[in-house]
Each structure stands twice: as structure tokens, then as C-alpha cells.
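Trainee:
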DNA sequence: AACACCGTAGACCACACTGGTCAATACTCA
DNA sequence: TGAGTATTGACCAGTGTGGTCTACGGTGTT
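Residue numbers (my numbering), protein chains in the order written: chain A, 14 to 220; chain B, 14 to 220.
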């Protein structure tokens, strides 16, 4: 990316970044179309290749950009002093939702990166990625008070089971809300429902 | 589909069906390539359009074909007289794995159908689809002995939480095993692990 | 006014691939 | 031998690709 791009007015930069993140998140690297990106961003085709030397460089820029957001606006905000596993994950879910409200495309894009296995990244990005995975893992699993759990159950397995439950709820919710305008949705009832699920989890896994 | 196709020797029919199912499952209807299908199936391009009038007719044939398999080789085999929710789902997981071992592409294809929301089907297929959903739901949720669950917990919510847990394990496993030759994998340790997870679930959700 | 320079648009390029066709041929059986 | 069927793949028009390049408008400096 050239410094021409960083000198652009913020809103235009954002329009381009958002359009590109969205396109890549929905279609992956290969299937993503630079034509659609420029159309969505409202710029001429030439400009994209004036700011970035090619599709791949644009992609790498976006990886860096959204890994930063994912890390700073989500992972690092998790309060590790909360030692109750379910409470920790509840907090994480809230933070993720906040981050998503602010940077939906960056969060989706990062999610796609974490799932996809075919993308080849240069070393410095791969390193950043590993760091995110490691930090994320620590923020979610370190310093948990295992004494809360029912006696005799395999705590490692309980971690996974709870994780799958929470992920399952979130996936089902986002799937259900897909297409809806995010700002027009009242989330309170969903949070209530979510907390009710967490209560069931506590009743079951804790004694 | 013409009767020329049904008169084909079984193995050739299967080669074509498998290739097509795989291509559609991996790429969806639009992105699926008839060129790749004929190449994978080892037939000339002309033949595909000799057997089926066009891409869409081929797709509809495959929907019918794999809905039948999904229904007869999986859903209908679930023993509804098992009233323990977790045992019922354990059984379902085993049956699904058996079906997958026999018809991997058909099962994957149906899975893709169930997730995807953009495919438009003719009425008779849509009806078949609804029936599958309804029967599947009944086979998994009807006639459950709710008295097994811990007192005071919301059973409907417990159903979902357990479902998400089991789905989570299965997804993680298939993801991990993706690319591996199916027949070369020894599944016994995975089943053991799965049963261990189910035991934790029982300890937690039942009293 | 003249010039240089930068940001911008989009027509354009060669190429890849698409679903589908069709004429030519190979095969089968009476 | 010949009628009919199965088979192939070159071919078609169309669409979309990542990327280039020319032309132009604006701005600032001389």
C-alpha cells in the first residue's frame, strides 16, 4: 500500500477498506472480485491499483488491519481476572459483539481467516496470526477457577462442551439475523435469552 | 434425466453422480463447473447434456437422490423408542457416520442443502425437503424422557445446549480429518473420546 | 498564461472459463 | 450392410477476471 492511500481522507479510506473486507470475507481470496470492490467503494478501477500494487497486496494489508482490530478491540479487552469460566466467556461474547457493532467487516474477515486453511500468508503476518491465536487462547482459558465445576468431571472436556454450546448459540443467532440491518435490531431480548442459556450451563456444570 | 442414464451400468452412473455431488457440495450451484464434473467423472462433455437436459436438471436429480439417501439411510433408522435424549443423539451420530462412510458425497451434499438458503427448488422437491426436516425433528426430539434431566432446568434449553455440544464435537472432528483418506482412519479412539464427552454431558445434565 | 504534477476514471486488454451445442465418429446388433 | 444409439471434444457466444494505460480535471508554482 502506498502512502497515497494513507493520505486519503478517512471516510474514503474506510469505504475502500470496508468494501474490500466484505468482498473477501464473503468470497475468499480467489473468488473475490476487484471489480465488485471498486463498484461498492465507489471509486474507479484504476485507483485501487494506484493505492495497492495488486490484489494480493491489498489482501495482506487487510489481514494486518483486521488482525489489529480483532486483537485490540476484542481479545485484549477480556478481563483475565474473572476466574469463572462461564462468566469469562460471557464477557468475551459481549466484547465480541461490541467489536462487531463497530467493525463488522473486519470481524467477519478475521473469522473467515481463522476458519479458512488455504490462504498462504507471508511470515510476518503468519507470526501476527500465531500471536493472536496464542493470546486468544490464554485470554479464554488461563487462570480459570476449576473448583467451581462439579466434582469428578473432566474439566478440559467441560471447557470444550461449554465452548461449543456458546459458539452454537452465537452461530444460530448470527445466522438468524443475517441480512437484517444490524442497527435496527433490538438485542436486549437476545441477551436475555443468552444469559438464560448461561444459567442452565452453570446449573449443570457447576455445583 | 433421461432413461438412457438409468440404463447405464451402475458403476458409471455412480461415477457421474459422485463427481457431480462433490462438485456441487464444494462450490454450490452457481460456482459448480460442469467441465470439472465431466473431467472427474471421466466422460465427455456431451454425455452429461445427453443424460440431463441442463445443469439445473442435473442438480434437481441430485437433490432427489441424496434426500432419499439421507432419509432412508440415516433419519429413518433412528430408534425413537430410546427415550434418553443423549443416547438418542449418540445413536444418531453413529448412524450418520455409517451413512457417511457409505455415501460421503450424498451426505455432504445434503448438508450443504440444509445450510444454504439461496437455492430455489421446485415444489415437489421443496415438499420432500420439508418432510425430511419434519421427520428429522421428530426422530431427534419426540418421545424424550424429560424426567432424566436435573430438576429445575429448562429442558428445551438443555436440548439445544446438548445439540450444540455434539454438533461442535462432530464439526471439529470432521474439520480435523478433512483431507484424510476416510478408509485409512481408525475411528475407535474418536468414538471413545466422543463417548467420554457424552458421559460428561450426562453427569452434568442428568441427576 | 504556462507548466508540471497528482488524483482520478473507466475503456480496454488478453485471458480463463462458463453452460451448452453439434458434427463426426465408434459401437452394437439385427 | 445398415439403422440406430452412445460417445467425444472442438467449438460457440457470452461473461468475468486482474491489471494497464491514456486521457482529463484540478491545483499550485512560476
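In this text, a Cβ means the ideal position worked out from N, Cα and C, and glycines have one as well.
Look up residue 162(A) in the DSSP assignment and say whether it is helix, strand or coil.
Mentor: Reduced to three states, the DSSP call for residue 162(A) is strand.
Trainee: So is residue 223(A) in contact with chain B if we call contact Cβ pairs under 9 Å?
Mentor: Summary: the structure shown does not reach residue 223(A), with chain A confined to residues 14 through 220, and so no result is reported for it.
Trainee: Please state the DSSP three-state secondary structure of residue 182(B).
Mentor: Looking at residue 182(B) - three-state DSSP - the assignment turns out to be helix.
Trainee: In the segment 146–170 of chain B, which residues sit with their C-beta less than 8 Å from some C-beta in chain A, listed in chain order?
Mentor: For the segment 146–170 of chain B, which is checked against every Cβ of chain A, the residues closer than 8 Å are 163, 165, 166, 167, 170.
Trainee: How many angstroms separate the CA atom of residue 39(B) from the CA atom of residue 187(B)?
Mentor: About 15 Å.
Trainee: Within its chain, find whatever has a CB closer than 7 Å to the CB of residue 190(A); leave out the 5 residues flanking it on each side and keep chain order.
Mentor: 198, listed in sequence order.
Trainee: My output table needs one value for residue 219(A): the three-state DSSP class, helix, strand or coil.
Mentor: Correct three-state label for residue 219(A): strand.
Trainee: My assumption, with CB atoms under 8 Å, is that residue 172(B) sits in contact with residue 154(B). Please give the rounded CB distance.
Mentor: Residue 172(B) to residue 154(B), Cβ: 7 Å. Contact.
Trainee: Between residue 216(A) and chain B, is the shortest Cβ-Cβ distance under 9 Å, so that the two count as touching?
Mentor: Answer yes: the Cβ-Cβ gap between residue 216(A) and chain B drops below 9 Å somewhere.
Trainee: Does DSSP put residue 54(A) in a helix, a strand or coil?
Mentor: Here residue 54(A) sits in helix by DSSP.
Trainee: According to DSSP, simplified to helix, strand and coil, what is residue 213(B)?
Mentor: Helix.
Trainee: Starting from residue 79(B), follow the alpha helix (DSSP H) in both directions and report where the run begins and ends.
Mentor: Its alpha helix (DSSP H) spans residues 68–86.
Trainee: Kindly confirm or deny that the segment 54–66 of chain B and the segment 114–127 of chain B touch, where touching means at least three C-beta pairs closer than 8 Å.
Mentor: No, the segment 54–66 of chain B is not in contact with the segment 114–127 of chain B.
Trainee: Straight-line CA distance for residue 71(B) to residue 44(B)?
Mentor: Their Cα atoms are separated by approximately 14 Å.
Trainee: Starting from residue 129(A), find everything on chain B with Cβ-Cβ shorter than 8 Å and list it in chain order.
Mentor: Chain B residues near residue 129(A): none, gap ~11 Å exceeds 8 Å.
Trainee: With a threshold of 9 Å between beta-carbons, can residue 209(B) be considered close to chain A, or not?
Mentor: Chain A contact via Cβ: present.
Trainee: Measuring CB atoms only, is the segment 159–166 of chain B touching the segment 211–220 of chain A, in the sense that at least three cross pairs come out at less than 8 Å?
Mentor: These segments touch.
Trainee: Which residues in chain A sit within 7 Å of residue 97(B), going by Cβ to Cβ distance?
Mentor: Here the premise fails: no neighbours, minimum Cβ distance about 16 Å.
Trainee: Does residue 140(A) come out as helix, strand or coil in the three-state DSSP assignment?
Mentor: In this structure, residue 140(A) counts as helix in the three-state DSSP scheme.
Trainee: Look at the Cβ atom of residue 84(A), then the Cβ atom of residue 145(A), and state whether they are nearer than 9 Å.
Mentor: The answer is yes: Cβ separation under 9 Å.
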